[in-house]
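Trainee:
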Amino acid sequence: MPEMTFTVRWPDGRVADCYSPSLVMHDHLTVGASYPLAEFISRTNTALDLASERVRAKFGFECTSARQQQSEIAAVASRFTAAPDARVEVLAMVPPLEVDS
1 MPEMTFTVRW PDGRVADCYS PSLVMHDHLT VGASYPLAEF ISRTNTALDL ASERVRAKFG
61 FECTSARQQQ SEIAAVASRF TAAPDARVEV LAMVPPLEVD S
């Protein structure tokens, strides 16, 4: 199961690398897109839940790293909930998905 990282810019300009145990994040985020904070949290939670379930299906246990990443995203996001226009920008996703020609 290929793992990946996705790099984001938080509303305060801080850049962070995040982890996913599966490439499923590509189905929920787009490089170059900027998401309202609540939408970013929802999209990453959905993707990380799916990724953790893929790990459970393959290995018999959920991915604690995915759960940890969800906690880290929630902790950072909590600093910006008072700002109604807070957005998170997706800067990179590695590895990128291969595009069929």
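The opening residue of the sequence shown carries number 1 in UniProt numbering; numbering runs sequentially from there. Built from N, CA and C at the ideal position, the CB exists for glycine as well.
Nearest-angstrom Cα distance between A92 and Y19?
Mentor: Cα-Cα distance, rounded: 12 Å.
Trainee: Using a threshold of 6 Å, is the CB atom of A77 nearer than that to any non-hydrogen atom of the ligand FAD?
Mentor: Ligands are entirely absent from the displayed structure, and the ligand FAD is therefore not among its contents.
Trainee: Let me know the secondary structure DSSP gives A38 once reduced to three states.
Mentor: Correct three-state label for A38: helix.
Trainee: Distance check for S34 and W10, CA to CA, integer angstroms please.
Mentor: In a straight line, the C-alpha of W10 is about 10 Å away from that of S34.
Trainee: Select from A86, V24, E72, E89 the residue whose C-alpha is nearest the C-alpha of A47.
Mentor: Taking only the C-alpha atoms, the option nearest A47 is V24.
Trainee: Distance, Cα to Cα, V76 vs V99?
Mentor: Whole-angstrom Cα-Cα distance: 32 Å.
Trainee: In the DSSP output, what is residue 102 paired with across the bridge?
Mentor: There is simply no residue 102 to check, as the chain begins at 1 and stops at 101 in what is shown.
Trainee: Please report the straight-line C-alpha distance between V90 and F40, rounded to a whole angstrom.
Mentor: Approximately 9 Å between the Cα atoms of the pair.
Trainee: In the DSSP assignment, find the unbroken alpha helix (DSSP H) run with E72 in it and report its ends.
Mentor: Counting along the chain, the alpha helix (DSSP H) containing E72 begins and ends at 64 to 77.
Trainee: What three-state label does DSSP hand L29 in the structure shown?
Mentor: Coil, per DSSP.
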